[in-house]
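**Q** Residue numbers (the working numbering): 254 to 354. Built from N, CA and C at the ideal position, the CB exists for glycine as well. Model, not experiment: these values are computed from the prediction. The following block contains the structure, expressed as structure tokens.
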């Protein structure tokens with residue numbers, strides 16, 4: 254049997270630095286770090302679909318692979334919504350620098 258066409262549809266990552274202790278010690282910094290990791294995932298074509306609660310081993314994230322521009326746009330909109338809530342909750346001024354195509 255020869256496999257000629259396949260694609261990864263998703264997976265799971267664990268961010269070992271995003272621990273429960275980090276979240277409890279400094280929630281604002283934890284959420285900023287989450288935004289950075291989220292953006293890095295999007296840049297690799299991975300859309301987070303579930304962020305588990307942090308524990309001593311980090312924060313596990315289930316993701317699906319982005320296969321087209323529409324999927325990327327939807328995922329980016331979800332990140333922007335999260336950034337808005339972080340800014341509102343913590344008084345930060347995070348924003349995405351979008352360069353025109």
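Counting C-beta neighbours from all protein chains within 10 Å, is the total for residue 299 16 or more, i.e. buried, or is it exposed?
**A** Residue numbering aside, residue 299 sits at position 46 when the chain shown is read from its first letter. Counting Cβ neighbours within 10 Å, residue 299 comes out buried, since at least 16 surround it.
**Q** As a quick exercise: from 296, 305, 335, 288, pick the residue whose alpha carbon is nearest that of residue 325.
**A** Counted from its first residue, the chain shown places residue 325 at position 72. Selected option, being the one with the closest Cα: 296.
**Q** Using DSSP bridges, identify the partner residues of residue 299.
**A** Stepping through the chain shown from its first residue, residue 299 is reached at position 46. Beta-bridge pairing links residue 299 to 318.
**Q** What would DSSP say about residue 264, mapped onto helix, strand or coil?
**A** One-based indexing of the chain shown puts residue 264 at position 11. Residue 264: strand per DSSP, three-state reduction.
**Q** Which of helix, strand or coil does DSSP assign to residue 305?
**A** Mapped onto the chain shown, residue 305 falls at position 52. Coil, per DSSP.
**Q** What span of residues does the alpha helix (DSSP H) with residue 349 cover, start to end?
**A** Position 96 of the chain shown holds residue 349. Neither: residue 349 is in no alpha helix (DSSP H) and is coded neither H nor E.
**Q** Could you check if residue 314 belongs to the surroundings of the ligand HEM, using beta carbon to heavy atom distance under 7 angstroms?
**A** As for the ligand HEM, it is missing from this structure, which has no ligand bound.
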